[in-house]
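So the mapping is simple: the working numbering equals the position in the sequence shown, first residue as 1, plus 10.
Right, one structure below, let's go through it.
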Amino acid sequence: MKFIFLHQNFPGQFPHIASYLAREGHQVISMSQAQARGLAGVQNIVYKPSRGATKGIHHYLIGAENAILNGQAVARTMQALKQKGFVPDVVIGHAGWGETLYVKDVFPETKLINYLEFFYHATGADTGFDPEFPNQADDFLRIRTKNIVNLLSLDGCDAGISPTQWQKSQYPLEYQPKISVIHEGINTAMAKPNPTASVTLPNGRVLTSQDKVVTYVARSLEPYRGFHIFMRALALICQRQPDYQVLIIGADEVSYGRRQEGKTYKEQMLSEVSIDESRVHFLGRLPHDQFTTILQISSAHIYLTVPFVLSWSMLEAMAIGCLVIGSNTPPVREIIEHEKNGLLVDFFDPQAIADAVDLALNQPEQMKSMRRAASQYIQENYPIEKSIMQYKHLIQSLTGNTI
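Okay, structure coming up:
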C-alpha cells in the first residue's frame, strides 16, 4: 500500500507507525515544512506555503489563513505527485495546522485519517481554568473562531484519532463516533528504570537514585504546565527538606497560552518566591537521553497541567518508574489512580504539592509499589506495539486491505 504522512515538523506523533509501515514494505512518503529527521524507508518531501497570513487581517483569522496556506501548499505538492502517477491509499496527518484540509480535493478516493489533538473551548478546559489568568471578553469570540480548521478537518476526514479519551471527549458529540483513541506509544525499551543511572550537575556534583532528587519537566516554564504553582510549592520544599536537589527541565519561554509583557514567567516567579538557588538547577531543554537519565534518578517527579494536551513526559516518567505527583485534572486522572500508580494533588495547592514531595522523599520504601505500578501500567497500556496494532486495525477497517 501507499501512504503519505503530513506533519509540519515530521515525524511528530508518527515516527513509530511510519517506520513500521516502511519496514513492512509499504511505500511511505512524509511531507513537512523543513527537511525532516530521516526515518529508514520514508521519503521526505518539503512543502512551503506561498506566503504568511495577510498583514492587518482580523486577528481571529490569522491562524485560519495560515492553515489555508499550509493546506494549499500541501495540495499543490500532492498534485505534483499525482501527475507522476502516485496515488496514496491512505493519508495520515495532523489536522491542527491545516495540512490535511484539501487532501480529498486532490485524492478523492484516498482514505484520510486526521490526528485530532485538541478542540478549543472558552470554558471547561484550558482557557479560563486558572483564575490568575481569566478570559477577556474577546477570548470567547476568538476561541470559537479558532475551531474553523478543527471543524473543517472533522467534516473532511474518513476517520480521526485522538491520543486520550479526554481529548476525544472535547470534540463535538456528533463527530466523536468517527474518532478512535490511539496514543502514539511510549518507547518502553528506552523509558525504563535504571538503578545505576547518575547525573553530573553543572557544578560537578554527581547525583544518583540514592539522593533526594525532585524533578519538574515541561517544554516551557509557563502557567499551562503549572510552573507558577510549582515554584510556590518549591519555596515550601526548600524550607522543609534539609538535603535535596531540584532539577528543572524546560525553556524559559511560552509554548501555550498567553505571553506576558516584560518578565518571563521564570523571572517573575524567582522575584516572587524565595528558593535555595544552590540546590535548584534550571537545565533548559535537554537531549532526550539526558532527560531520561534525570528521570531515572528522580525521587519525586512533579507534573502539573491545566486541562489540555497530556505531555509525553508524564507517561515516560511513569514508564521509568518515577513517583509522579500529578495535578488532579482530567488528562492526568485518566492515567494516574491516586495512591495506586502515583499521587494526585490539587493543581492550585502548593501546600498539597509540597506535602506529597515530603511523603516521597521521607518514605521512599513506601513509594516503591506505586513506582512499580506506574512502570507496569505504561508497559501494558502504552507500548509502541499496541499503538501500531490499533493503527493497523483502523487502516484495515477503512481500506479493506490487510497490512
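Glycine included, every Cβ here is placed at the ideal spot set by N, Cα and C.
Which listed residue (R269, G214, I330 and E375) has its alpha carbon closest to that of S288 = With distances taken between CA atoms, S288 lies nearest to G214 out of R269, G214, I330 and E375.
Output the boundary residues of the alpha helix (DSSP H) element that contains N160.
-> I158 to G166 is the span of the alpha helix (DSSP H), which, as asked, contains N160.
Give the C-beta separation of C332 and H311 to the nearest angstrom, bearing in mind that I take them to be a contact with Cβ-Cβ under 8 Å.
-> Contact check for C332 and H311: beta-carbon distance about 4 Å, within the 8 Å limit, so the pair qualifies.
Please classify Q146: does DSSP put it in a helix, a strand, or coil?
-> The three-state reading of DSSP puts Q146 in coil, since its state is none of H, G, I, E or B.
Please classify I189: does DSSP put it in a helix, a strand, or coil?
-> In the structure shown, I189 sits in a strand (DSSP, three-state: E or B).
What does a CB cutoff of less than 7 Å around L16 pick up in its chain, not counting 5 residues either side in sequence?
-> These residues qualify, in order along the chain: M41, V84, V101, G103, H104, E109 and T110.
Would S407 pass as a contact of I27 if the rule is Cβ separation under 8 Å?
-> Contact flag unset, no.
Starting from the C-beta of Y185, find all residues in its chain whose C-beta is less than 7 Å away, skip the five residues before and the five after it, and write them out in chain order.
-> Here the set comprises L164.
Beta-bridge partners of S42, as assigned by DSSP = BP columns for S42 point to V56.
Do K156 and G97 come within 8 Å of each other at the CB atom, strictly closer than that value?
-> The identity of residue 97 in the sequence shown is Val, whereas the question assumes Gly. Not closer than 8 Å, so no.
Nearest-angstrom Cβ-Cβ length linking R235 and L314, presumed shorter than 8 Å | Their Cβ separation, rounded to whole angstroms, is 6 Å, which keeps R235 and L314 in contact under 8 Å.
Answer yes if the region 121-141 comes into contact with the region 45-55, meaning at least three C-beta pairs across the two stretches below 8 Å, and no otherwise.
-> Taking 8 Å as the limit for Cβ pairs, the verdict is that the region 121-141 does not touch the region 45-55.
Measure the C-alpha to C-alpha separation of T210 and R382 and round it to an integer number of angstroms.
-> T210 and R382 have their C-alpha atoms roughly 26 Å apart.
Length of the line joining the Cα atoms of T208 and A366 | Note on identity: in this sequence residue 208 is Ser, with Thr being the wrong assignment. Taking the straight line joining both Cα atoms gives about 24 Å.
How do the region 242-257 and the region 218-233 stand: do at least 3 beta-carbon pairs fall below 8 Å, yes or no?
-> Touching, per the Cβ criterion.
Go to N351, then tell me how far its alpha helix (DSSP H) extends in each direction, as first and last residue.
-> Run containing N351: none; DSSP gives neither H nor E here.
What does a CB cutoff of less than 7 Å around S230 pick up in its chain, not counting 5 residues either side in sequence?
-> For S230, where only same-chain residues beyond five positions count, the Cβ hits under 7 Å are G260, A261, E263, V264 and S265.
Give the secondary structure of L323 by DSSP, where H, G and I count as helix, E and B as strand, and everything else as coil.
-> What sits at residue 323 in the sequence shown is Ser, not Leu. Helix, per DSSP.
By DSSP, does A135 sit in helix, in strand, or in coil?
-> Under the three-state reduction of DSSP output, A135 falls in the coil class, being neither helix nor strand.
If you run the structure through DSSP and keep just helix, strand and coil, what is R229?
-> R229 falls in the strand class under three-state DSSP.
Enumerated in chain order, which unbroken segments of the alpha helix (DSSP H) with a length of 4 residues or greater are wholly contained in the region 236-286?
-> Unbroken alpha helix (DSSP H) runs of no fewer than 4 residues, entirely contained in the region 236-286, are found at 237-250 and 275-282, following chain order.
Return the bridge partner residues of G452 from the DSSP annotation.
-> There is no way to answer for residue 452, as the model of the chain reaches only from 11 to 413.
Pairwise C-alpha distance: I39 and Q53 | In a straight line, the C-alpha of Q53 is about 5 Å away from that of I39.
Got a sec? Which residues, its chain only, sit under 7 Å from D368 by beta carbon, not counting five neighbours each side?
-> The beta carbon of D368 is closer than 7 Å to those of R250 in its chain, skipping five residues each way along the sequence.
Quick one: using the 10 Å Cβ neighbour count with 16 as the cut-off for buried, is K58 buried or exposed?
-> Exposed: under 16 other Cβ atoms inside 10 Å.
Whole-angstrom distance between L79 and T120, CA atom to CA atom = Each residue's Cα considered, the two are about 22 Å apart.
D286 versus L246 - alpha carbon distance | Those two C-alpha atoms are separated by around 11 Å.
Reducing DSSP to helix, strand and coil, say where H298 ends up.
-> In this structure, H298 counts as helix in the three-state DSSP scheme.
Count the other CB atoms within 10 Å of the CB of Q89; is the residue buried (16 or more) or exposed (fewer)?
-> Exposure of Q89 is indicated by the presence of fewer than 16 other C-beta atoms within 10 angstroms of its C-beta.
Alpha carbon to alpha carbon, what distance is there between L305 and Q82?
-> Going by the C-alpha atoms only, they are around 42 Å apart.
Out of curiosity, what's the CA-to-CA distance linking G106 and L353?
-> If I take the Cα positions, the gap works out to 32 Å.
In chain order, what residues of the same chain have a beta carbon less than 8 Å from the beta carbon of I413, not counting five sequence neighbours either side?
-> M11, L31, E34, H36, K402, I405 and Q406.
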